[in-house]
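Take a look at the structure below.
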Amino acid sequence: MDLLQLPQDIWVLILDLLTQADALQLARVSRAAHWVAMPRVLYQVELRWERAATWEHPQPQISGAQVLSFASLILGNPDTYAHHVKSLTIHWSPNFHLGENYLAHKELVRALRHVSSVRQLTLTEAKSDCGFNSEVVDVMASQDRLQCIRLDRFDMNAMSLLERTVSRLREIILVADLGRGYGLFDFDYLRPHAETLEVFRAFASTVSSKLPPTDGDIWTRLHTLEIQDADLYFQPLVIPFVRAFPHVRCLSLKTNGFHLMEPLAWPSLDVVNLSRVCLNLVTPVRVVYLDSFTHHDFPPRFLEHTQPAVLSLHLDYVTLHSGKMRFLDLLTTSKGLRSLRYLQLRLDTIRGNTQPTDSKSMDALKQLAELGWLLHAISLCYRPHPFGSDWEDDCSETPASRENMAKSIAALFPTVELVGLGFHQHALFSASTPLVITPTIWYRVRRVRDNTGDEVIVEAAHPEETAEINRYVENLGRSAT
1 MDLLQLPQDI
11 WVLILDLLTQ
21 ADALQLARVS
31 RAAHWVAMPR
41 VLYQVELRWE
51 RAATWEHPQP
61 QISGAQVLSF
71 ASLILGNPDT
81 YAHHVKSLTI
91 HWSPNFHLGE
101 NYLAHKELVR
111 ALRHVSSVRQ
121 LTLTEAKSDC
131 GFNSEVVDVM
141 ASQDRLQCIR
151 LDRFDMNAMS
161 LLERTVSRLR
171 EIILVADLGR
181 GYGLFDFDYL
191 RPHAETLEVF
201 RAFASTVSSK
211 LPPTDGDIWT
221 RLHTLEIQDA
231 DLYFQPLVIP
241 FVRAFPHVRC
251 LSLKTNGFHL
261 MEPLAWPSLD
271 VVNLSRVCLN
281 LVTPVRVVYL
291 DSFTHHDFPP
301 RFLEHTQPAV
311 LSLHLDYVTL
321 HSGKMRFLDL
331 LTTSKGLRSL
341 RYLQLRLDTI
351 RGNTQPTDSK
361 SMDALKQLAE
371 LGWLLHAISL
381 CYRPHPFGSD
391 WEDDCSETPA
401 SRENMAKSIA
411 ALFPTVELVG
421 LGFHQHALFS
431 ASTPLVITPT
441 IWYRVRRVRD
451 NTGDEVIVEA
461 AHPEETAEIN
471 RYVENLGRSA
481 T
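According to the UniProt record's numbering, the sequence shown holds residues 1 to 481 in order.
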């Protein structure tokens, strides 16, 4: 049977399973296949003037051929092709004005006037000296179906796009280089999207501490707020945040050091990730992530007030090798973490071929076990191997050694039913670091009582169950509504 004779709805399902490269190959088979496959090929477009370095060409190759090819395709038949582009990424270049690149730039601007169905727009090096001029801003601002904009290494010309776009955005992501001054920002840029914005993330951008959200500005639909800035002084910002973002569920703040001792009630919060930031929260928070540099000046009753069901602690090398774990004061001064059900430890050590009972991580676990928490699950996430080895490739990480470690952990916590092991990449300022660290392998725990006590038995969960278990532990403490 000729696959091209299949009904259109069947072809849509097949194309969804193909990579863009596969779809492009299919488009070259025949004219009929071309028309079927091109929507998948054009759904997500990434354009760049500089081709990445390869083994054959170790230096990046400056060429506008890819940009020109895309522009020619769209301009050749805009009614057929332009509306298929839903996600568009453009890497601008300081060499845009050279030869072929200049022609490609002019043709791209013409083509973008026809590409009107873009939902997600990503712009890197979006600066005037890289070709992102006022003409380009005019074209981009006219996109009336945009939902998400990501600006990566940008200037104020690109920032004006947030104010000028006719679309009302749901997600805005800003990424700037530390120390380069391209990320100057104040919250007035978000005002046009007050009724639609759901996610705002700013990484290593300069959020002016003198310009907190203006009184009266409220983003009622914003549920995720993430700000990472080495130089940011949060004092003038955080208290206005509570008023300006009253329904935020997920809050992540990272800086080089900030402490707010004033009691802060933020009842909407569900997940809080603090790195070198101390907040005196006095309302419950279901999930709390803390790093090892955060706890020094934390109010002693922080965990008593927040009562998390999920607690993730980052333990650095100094913490693990000190005689008394530095987090312990914060953990013991709280009057019992009655709601805690899942504990995650993110360790700055690399798993090696050592007995788990001799490791510093096990010493830390023994101290935590003495606190008597009624945990359902616990996980340890280590730094990845510097040479990229994973669980299966590292000869020191055999299934038997991992199982032995899971068993040793479970023996310390008599109520634990799940033990997870995995990796984490600790980076203070990174747009690629996930908010939630998920273990890569889980063990189910059974306890068999005999004359000498309880025998602990652990069994590795099937890999297909890992995602489901991660969702389960991350949602512990959530009300069933």
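Cβ atoms here follow ideal geometry from the backbone N, Cα and C, with glycine treated the same way.
Exposure of residue i, with buried meaning 16 or more beta-carbon neighbours within 10 Å
{"i": "Met405", "result": "buried"}
{"i": "Pro212", "result": "buried"}
{"i": "Arg153", "result": "buried"}
{"i": "Met140", "result": "buried"}
{"i": "Asn77", "result": "exposed"}
{"i": "Pro463", "result": "exposed"}
{"i": "Ala364", "result": "buried"}
{"i": "Lys254", "result": "buried"}
{"i": "Gly216", "result": "exposed"}
{"i": "Val166", "result": "exposed"}
{"i": "Asp454", "result": "exposed"}
{"i": "Glu465", "result": "exposed"}
{"i": "Thr306", "result": "buried"}
{"i": "Asp229", "result": "buried"}
{"i": "Thr124", "result": "buried"}
{"i": "Arg164", "result": "exposed"}
{"i": "Pro300", "result": "exposed"}
{"i": "Ala82", "result": "buried"}
{"i": "Ala265", "result": "exposed"}
{"i": "Val136", "result": "buried"}
{"i": "Glu46", "result": "exposed"}
{"i": "Pro399", "result": "exposed"}
Start-to-end residues for the beta strand (DSSP E) that takes in residue i
{"i": "Lys254", "result": "Cys250 to Leu264"}
{"i": "Asn273", "result": "Val271 to Leu281"}
{"i": "Val166", "result": "That residue, Val166, is in no beta strand (DSSP E); it is neither H nor E in DSSP."}
{"i": "Val175", "result": "Glu171 to Val175"}
{"i": "Gln367", "result": "Gln367 -> not in any beta strand (DSSP E); alpha helix (DSSP H) instead, spanning Lys360 to Ala369."}
{"i": "His83", "result": "From DSSP, His83 is part of no beta strand (DSSP E); its letter is neither H nor E."}
For residue j and residue i, the rounded distance between their alpha carbons
{"i": "His114", "j": "Asn157", "result": "22 Å"}
{"i": "Val248", "j": "Leu269", "result": "6 Å"}
{"i": "Val271", "j": "Leu345", "result": "17 Å"}
{"i": "Ala410", "j": "Val456", "result": "7 Å"}
{"i": "His193", "j": "Leu225", "result": "14 Å"}
{"i": "Lys86", "j": "Gln120", "result": "7 Å"}
{"i": "Leu174", "j": "Phe245", "result": "18 Å"}
{"i": "Pro236", "j": "Arg444", "result": "47 Å"}
{"i": "Ser408", "j": "Arg286", "result": "28 Å"}
{"i": "Ser160", "j": "Thr438", "result": "37 Å"}
{"i": "Ala111", "j": "Asn101", "result": "15 Å"}
{"i": "Val458", "j": "Glu468", "result": "18 Å"}
{"i": "Leu337", "j": "Leu169", "result": "39 Å"}
{"i": "Leu42", "j": "Met362", "result": "51 Å"}
{"i": "Gly477", "j": "Ile378", "result": "15 Å"}
{"i": "Leu162", "j": "Phe132", "result": "14 Å"}
{"i": "Ser252", "j": "Arg471", "result": "20 Å"}
{"i": "Ser117", "j": "Leu368", "result": "53 Å"}
{"i": "Gln66", "j": "Leu103", "result": "12 Å"}
{"i": "Ala37", "j": "Ala126", "result": "31 Å"}
{"i": "Ala461", "j": "Val288", "result": "26 Å"}
{"i": "Ser134", "j": "Phe185", "result": "19 Å"}
{"i": "Pro414", "j": "Leu374", "result": "8 Å"}
{"i": "Leu412", "j": "Leu371", "result": "11 Å"}
{"i": "Asn256", "j": "Leu421", "result": "29 Å"}
Those residues which DSSP pairs with residue i across a bridge
{"i": "Tyr289", "result": "Asn273 and Ser312"}
{"i": "Ser379", "result": "Gln344 and Gly420"}
{"i": "Phe187", "result": "Paired residues: none, contrary to the question."}
{"i": "Arg201", "result": "Ile173 and Glu226"}
{"i": "Arg150", "result": "Thr122 and Ile173"}
{"i": "Val45", "result": "Leu88"}
{"i": "Arg478", "result": "Answer is none; Arg478 lacks a bridge partner."}
{"i": "Ile441", "result": "Leu421"}
Extent of the continuous alpha helix (DSSP H) run through residue i
{"i": "Gly420", "result": "Unbroken run through Gly420 is the beta strand (DSSP E), Leu418 to Phe423; no alpha helix (DSSP H)."}
{"i": "Ile74", "result": "Ala65 to Gly76"}
{"i": "Glu195", "result": "Element bounds for Glu195: n/a, residue is neither H nor E."}
{"i": "Ser339", "result": "No alpha helix (DSSP H) contains Ser339, which DSSP labels as neither H nor E."}
{"i": "Leu402", "result": "It is Arg, not Leu, that sits at residue 402 in the sequence shown. Counting along the chain, the alpha helix (DSSP H) containing Arg402 begins and ends at Pro399 to Leu412."}
{"i": "Ser134", "result": "Ser134 to Ala141"}
{"i": "Leu303", "result": "Phe302 to Thr306"}
Any non-hydrogen atom of the ligand HEM within 7 Å of residue i CB
{"i": "Met156", "result": "Ligands are entirely absent from the displayed structure, and the ligand HEM is therefore not among its contents."}
Start-end ranges of the alpha helix (DSSP H) lying completely within the segment 446-470, minimum 4 residues:
none
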